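K.L.:
Numbering (the numbering used here), first residue to last: 5 to 135.
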């Protein structure tokens, strides 16, 4: 991923090698573009970095901007608190996943509940704990 950066200011991001060639139709580029060639056309690689550490009540997201950190350009991250709707939706999703897992585990032991099978106390306790 690249950005076109003029005088330290991001002019276009994201930017691609294809776009560079379109923007410079009278320039013959080598097959493999090196950093110096790209820089001579104000094009710099933008690296992806790991998302910042967040709490369970936050969301990390890309801002859509490129920023320079320690001489390298990288995608910018931002964080924000989750809305109450997002928290409710996540809680509902987690509860649903838990119910699905419980139902699956109960189904795997249903044959123990048949009338002609004697269910051990341990199995009874296990199935009760799943409910």
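Backbone N, C-alpha and C fix where the C-beta goes; we use that ideal spot for every residue, glycine too. These numbers were taken from a predicted model, which means no experiment stands behind them.
Would you identify the three-state DSSP class for residue 27, choosing helix, strand or coil?
P.N.:
Three-state DSSP puts residue 27 in a helix.
K.L.:
Roughly how many whole angstroms lie between the Cα atoms of residue 91 and residue 84?
P.N.:
The alpha-carbon atoms of residue 91 and residue 84 are separated by roughly 13 Å.
K.L.:
Helix, strand or coil for residue 69, going by three-state DSSP, please let me know.
P.N.:
Looking at residue 69 - three-state DSSP - the assignment turns out to be strand.
K.L.:
In the DSSP assignment, find the alpha helix (DSSP H) that holds residue 35 and state where it starts and stops.
P.N.:
Run containing residue 35: none; DSSP gives neither H nor E here.
K.L.:
What residues in its chain sit with their C-beta under 7 Å from that of residue 15, if we drop five residues either side in the sequence?
P.N.:
Here the set comprises 8, 9.
K.L.:
Throw me the rounded Cβ distance for the residue 64 and residue 77 pair, which I believe falls under 8 Å.
P.N.:
Their Cβ separation, rounded to whole angstroms, is 19 Å, which puts residue 64 and residue 77 out of contact at 8 Å.
K.L.:
Measure the alpha-carbon distance for residue 33 versus residue 57 and round it to whole angstroms.
P.N.:
Cα to Cα, the separation comes out at about 41 Å.
K.L.:
Please classify residue 79 as buried or exposed, where buried requires at least 16 neighbouring CB atoms within 10 angstroms.
P.N.:
It counts as buried.
K.L.:
Let's see if you can read the secondary structure: which residues bound the alpha helix (DSSP H) around residue 74?
P.N.:
Premise fails: residue 74 is in no alpha helix (DSSP H) and is neither H nor E.
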